[in-house]
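Have a look at the structure below, then the notes.
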Amino acid sequence: MLSSMPGTAVSEVKIDGVLHEYTTIEGVQEDVIDILLNLKELSVRLLESEESELKVSRNLKGS
């Protein structure tokens, strides 16, 4: 029933070097679970009715 509801949301996340949600990432303060929960709150608008892929990368060291 949920699959027939219109809308867009993050449904899959891949983080290089992370095998499961309990993995820690060197240099990152948040747990992977916290990162995933934050991504679930991301507001996404899709202009097409098909699936799309969004790639987010970070090239600079954060503070």
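Residue numbering for the sequence shown follows my numbering, starting at -8 and increasing by one per position. Don't be surprised by glycine CBs; every beta carbon is placed ideally from N, CA and C.
In terms of Cβ geometry, residue 27 and residue 4 form a close pair [threshold 8 Å]. Between the beta-carbon of residue 9 and that of residue 31 there is about 16 Å, and that puts the pair past the 8 Å contact cut. Beyond the five residues adjoining it in sequence on each side, residue 24 comes within less than 8 Å, by CB distance, of 12, 13 in the same chain, given in chain order. Contact check for residue 15 against residue 7 fails: the beta carbons are separated by 8 Å or more.
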